[in-house]
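Heads up: the sequence shown begins at -18 in our numbering, then just goes up one per residue.
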Amino acid sequence: MIVHPIDYRYGTDEMKRIWSEDSKIKRMIWVEIALLRALAKKGYLSEEKVKKAQEDALKVTPQRVKEIEREIKHDVMALVKAISEVVDPEVARWVHFGATSNDITDTAVATQLRDSVKILELKLKKLIELFVQKALEYKDVVCLGRTHGQPALPTTYGFRFAVWASELARHLIRLRQMKERLLVGQMSGAVGTQAGFGKDGLEIEAEVMRLLGLKPAIISTQIVPRDIYCEYVEFLANLATTLEKIATNFRVLQRGEVGELMEEFGKKQVGSSTMPHKRNPIDCENICGIARVIRGFVEPQHQSAILWEERDLTNSSAERIILVEATVLADHILTKMMKVVERMRLDPNRIRENLERLKGLNLSEAVMIALTKKGLGRQEAHELVRNASMRAYEKGTGLLDELLKNEVVRKYLSEEELRELLKPENYLGTARERIDKVVEWIKGVINEGKNDYRF
């Protein structure tokens, strides 16, 4: 019986395969095989027999492991027994030699994290590239900027997309920097001292990790230190927050009274079961909802890092849920955001209509700055333009009309100068230059692995 929405509604097949139960058991088998190969290299057993044992061990089915587990109530020991059933008896005596359960499970999880991070990094790069493309495409599409949800100065859609692209690029940098700390396994024994391996411990551990494409944890107890899992979940939560921020802004800009930026809406798509006219931003709403779930895993993962002495078992049950769900859901909303950005559309008519609706009021700062440059005190200019703006609000007139009635304004600025000041495209500052600058930096981050903040 399927009960979790991840099984039937959320997540990509490629990511769910990595975190499936069958995948985890297969990965644990690989860890046990890597240990046998490392032991053989140190002369514990024949390398030839290990080669044959590897073929046999890979025939162990998850079903057989779970069958044994139902009898003995221990998942790793069930795996050990299942492998021992199918390999040569001389090899079987060395299966799991010197290891503890978490040497197998934590190292298997590290391979899941390794493969998950590859997918996340590729998709994150793709999303950044999409936003860079949009930033350049819409660099000159002037629109109304808003602060506090209210009209502010003009900006451009390209500038907005560049801001979001830069934030995502910082996440890419964080992901790359985190990998060195995250993708580690262990073969350290019951309390981390590698006592079962004796003097060979460090070499055996290093060989196992080499075979699996991982690095050894610099030091560990019975488990890999959980601060690295905390960092990983925090990263997913941080990324999810950025995706929710972007999705929220898409939703705001799609509102009927704004109508500037729209999600794709399919020809046969239904927006409401009762209101046939509805075109809801459901993908962005989905991203926002799931991002909140991902952030909810940060605290339980931190709690799972607080363990007695060399370890207890309070982290195990929680992490079986946290790492799987946080990863699958983060991949889900990252994939969904890529789809949203690829298929979004702008409405240039509504953008211009919203930009001009206030009849110049959103260019009040431009007038204040110009008056100050002409010789009027900045504070006096602010008060003068503020009063003119309030009158325009109350009367429904344009800012130009109210400014032309003021003798002080006319003393410093002509009607022609005022008209030029009240053109949105004339008050964009360095917006275009900043877009070009950040795009150049982002391309360096993506293509060269550049990971600093210098321009």
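Each residue gets a CB set at the ideal place from its N, CA and C atoms; glycine is no exception.
Keep in mind it's a predicted model, so treat the numbers as computed, not measured.
Cut-off 6 Å between Cβ atoms - residues of its own chain near residue i, not counting five sequence neighbours on either side
i: T88; result: V12 and G166
i: V214; result: F278, V279, Q282 and A307
i: E383; result: A369, R372 and A373
i: D(-12); result: none
i: G182; result: Q175
i: F246; result: R260
Cutoff 8 Å: residue i Cβ touching any chain D Cβ
i: T229; result: Although the question refers to chain D, the structure presented lacks it and comprises just one protein chain.
Of the residues the options, the one placed nearest residue i, counting alpha carbons only
i: K32; options: A19, W422 and R157; result: A19
i: E398; options: L288, K354 and V251; result: K354
i: R276; options: E244, L310 and L288; result: L310
i: I302; options: D(-6), W0 and E(-5); result: W0
i: D121; options: R413, V420 and V419; result: R413
i: E334; options: L39, E241 and V67; result: E241
i: A299; options: R207, K392, K22 and A187; result: R207
i: T229; options: K386, N267 and L60; result: N267
i: D37; options: E48, H55 and A63; result: A63
i: L217; options: V274, G194, K196 and E161; result: V274
i: K226; options: V144, G247 and A286; result: V144
i: M82; options: I185, C269 and V205; result: Note that residue 82 is Ser in the sequence shown here, rather than Met. If we check each option's Cα against that of S82, V205 comes out closest.
i: I416; options: T137, A73 and R74; result: T137
i: L163; options: R141, F140, Q284 and L94; result: L94
i: R400; options: G341, Q203, E184 and H(-15); result: G341
i: C269; options: H313, F246 and S297; result: H313
i: K47; options: V419, E28 and K7; result: K7
i: R260; options: I271, A272 and G237; result: G237
i: L117; options: N428, I423 and E188; result: I423
i: R292; options: H(-15), V419, K160 and A171; result: A171
Chain-order list of residues whose beta-carbon lies under 8 Å from that of residue i (same chain, five-residue window excluded)
i: P135; result: V123, C124, L125, G126, L336, N343, L344, P405, E406, Y408 and L409
i: L315; result: L101, K104, L105, L108, L220 and L224
i: W75; result: L17, L20, Y25 and L26
Three-state secondary structure (DSSP) of residue i
i: K106; result: helix
i: F436; result: At F436 the pLDDT is 40, less than 50, meaning the model places this residue with poor confidence; the figure from the coordinates comes in the next sentence. The answer is coil: DSSP assigns F436 none of H, G, I, E or B.
i: G425; result: helix
i: K196; result: strand
i: L242; result: strand
i: R(-10); result: coil
i: V165; result: strand
i: L327; result: strand
i: A286; result: coil
i: T255; result: coil
i: H152; result: helix
i: P262; result: coil
i: L455; result: Because residue 455 is not part of the residues shown, which for the chain are -18 to 436, the question remains open.
i: V113; result: helix
i: W11; result: helix
i: S4; result: helix
i: V76; result: coil
i: A187; result: helix
i: M(-18); result: coil
i: L409; result: coil
i: R141; result: helix
i: I204; result: coil
i: K(-3); result: helix
i: R292; result: coil
i: F278; result: coil
i: Q93; result: helix
i: V348; result: helix
i: A272; result: helix
i: K418; result: helix
i: T158; result: According to the sequence shown, residue 158 is Gln rather than Thr. In this structure, Q158 counts as helix in the three-state DSSP scheme.
i: A34; result: helix
i: A171; result: coil
Residue i, enclosing beta strand (DSSP E) - first and last residue
i: G341; result: Counting along the chain, G341 falls outside any beta strand (DSSP E), and DSSP gives it neither H nor E.
i: G126; result: V123 to T128
i: L134; result: Q131 to T137
Neighbourhood of residue i by C-beta, 7 Å cutoff - its chain only, sequence neighbours within 5 removed
i: M319; result: K104, K107, L108 and L111
i: V321; result: F231, E244, D264 and C265
i: N148; result: First, the residue type needs correcting, since residue 148 is Glu and not Asn in the sequence shown. Same-chain partners within the cutoff: T223.
i: D3; result: P43
i: A91; result: L164, V165, G166 and L195
For residue i, the first and last residue of its enclosing alpha helix (DSSP H)
i: E50; result: P43 to I53
i: S298; result: T295 to R324
i: E66; result: D56 to V67
i: K23; result: Where K23 is concerned, there is no enclosing alpha helix (DSSP H), given that its DSSP letter is neither H nor E.
i: D208; result: D208 to Q235
i: V72; result: P70 to A73
Uninterrupted alpha helix (DSSP H) stretches inside the segment 351 to 403 (no shorter than 4 residues): 359 to 376, 380 to 385, 388 to 393 and 396 to 402
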